[in-house]
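Written below as structure tokens is the structure these notes are about.
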Amino acid sequence: MTDYHESWDALDDHAKNVHRALSSLKEEIEAVDWYHQRVVLCQDEELRKVLAHNRDEEIEHACMTLEWLRRKMPAWEEQLKTYLFTEVSIVEAEEAAEGGGESGGGEGESGSGASGGLGIGSLKEE
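Okay, here's the thing in structure tokens:
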């Protein structure tokens, strides 16, 4: 293993497995990108379908690894619950998670209007 930053021998088994999972996740996502580029440019319909199938298999592998990380590292679950399978903008999801979002489901950046500031006007009013 050459892509770790601490002494491999000093790491416990859990840390080693997390490293393996993260390395695998990076590799799967890179493979998704490579296959996707090939799908986009491939002129042969049958080959394009094969490449798309291969790309989607890599997505499956990445998701399986992500699920392992979610189960083994609580911070992954917390962040995934914030961002995945939501319909609000990603930035609004972050603001809501950090306590700065509009509770009424406001639209875009219209929530900072009355306070004229950085979304902390409610702190001044308390």
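Once you know that position 21 of the sequence shown is 39 in the numbering used here, the rest is easy, because the numbers rise by one and skip nothing.
Heads up, the beta-carbon is just placed ideally off N, CA and C, and yes, glycines get one too.
Fair warning: this is a prediction, and the values are worked out from it, not measured in the lab.
Of the residues assessed, Ala80 falls on the buried side of the cut-off, its CB having 16 or more other CB atoms within 10 angstroms. For the pair Leu87 and Ala39, the CB atoms are nearer than the 8 Å cut-off.
Annotated three-state conformation of His71 is helix, per DSSP.
An exposed status is given to Leu59, since fewer than 16 other beta-carbon atoms sit within 10 Å of its beta-carbon. Looking at the backbone, the Cα of Leu69 and that of Tyr53 are separated by about 6 Å.
Assignment of Glu95 by DSSP, reduced to helix, strand and coil, places it in the helix class. For Thr83, the secondary structure class from DSSP, reduced to helix, strand or coil, is helix. Residue His71 holds the alpha-carbon nearest to the alpha-carbon of Arg56 among Lys44, His71 and Leu43.
If the five residues before and after Leu43 are omitted, its C-beta is found closer than 8 Å to the C-beta atoms of Ala80, Thr83, Leu84 and Leu87, all from its own chain and listed in chain order. When Glu116, Glu75, Leu29 and Leu65 are compared, the shortest CA-CA separation from Ile47 is found for Glu75. If you draw a straight line from the Cα of Ser107 to the Cα of Glu96, it is about 18 Å long. In terms of Cβ geometry, Ala115 and Thr100 form a close pair [threshold 8 Å].
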